[in-house]
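With the numbering used here, the residue at position 51 of the sequence shown is 33, and numbering never jumps.
Think of the CB as a built atom: it goes at the ideal place given N, C-alpha and C, for glycine as much as any other residue.
For reference, the structure discussed in these notes is given below.
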Amino acid sequence: MWCWKPLAICSKGGGETVKRLLKDKRGEGFVDVCVLVLAIAMVLALVVRIAPVFVAKQNLDVFADELVRTAEINGQVGSATSAKAADLRDQTGLDPNISWSDTGKIQLGNEVEVTLTTTVNIGLFGEFASFPVTLTAKASGTSEVYWK
């Protein structure tokens, strides 16, 4: 006979074993399992709240790389880089502060660097225990345009 309960309970004459198990008040394993489940739930909640910060950092790095690449191809920091920044803001949902090492035309072979800074809130339990984290991304490149 198949049974989901322990074999001693399912076999004939198991009535005495059932009474003994019901009288047993130890429950040591139950407490351990409850603590383990609670710890796992807390770790998962922490990961769910912190993971978006890592995604935002990755997006900010890509944002900086694409802005610098636009400046390299155009050989200047101007309308093309501003348009690219607006496009990237729409795509990523980030609105970073953008600072360039140089503005205007950049001669062939000269280096340009961009620094992006934004603040992301890590709220562990909603607004309670919430604190801001400043994310920074830097990228640099070399102009590919010769200006006469």
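- When DSSP states are grouped into helix, strand and coil, asparagine 92 belongs to the coil group.
- Cα atoms of aspartate 77 and valine 94: separation of roughly 21 Å, rounded to the nearest angstrom.
- For tryptophan 129 and phenylalanine 36, the gap between their C-alpha atoms comes out near 39 Å.
- Looking at Leu28, Leu18 and Val13, the one whose alpha-carbon comes closest to that of alanine 111 is Leu28.
- Where serine 61 is concerned, the enclosing alpha helix (DSSP H) starts and stops at 61 to 74.
- Boundaries of the beta strand (DSSP E) around glycine 123: 110 to 124.
- Each of Ser122, Leu42, Thr100 and Gly75 was checked against the Cα of glycine 91, and the nearest Cα belongs to Ser122.
- Relative to serine 81, the option among Ala62, Ala119 and Gln73 whose CA is nearest is Ala119.
- Relative to the Cα of valine 30, the nearest Cα in the group Thr101, Gly75 and Gly105 belongs to Gly105.
- Residues Asp77 of the same chain have their beta carbon placed closer than 7 Å to that of arginine 71, with the five preceding and five following residues left out of the count.
- For the 9 Å CB-CB criterion, valine 115 and isoleucine 88 do not form a contact.
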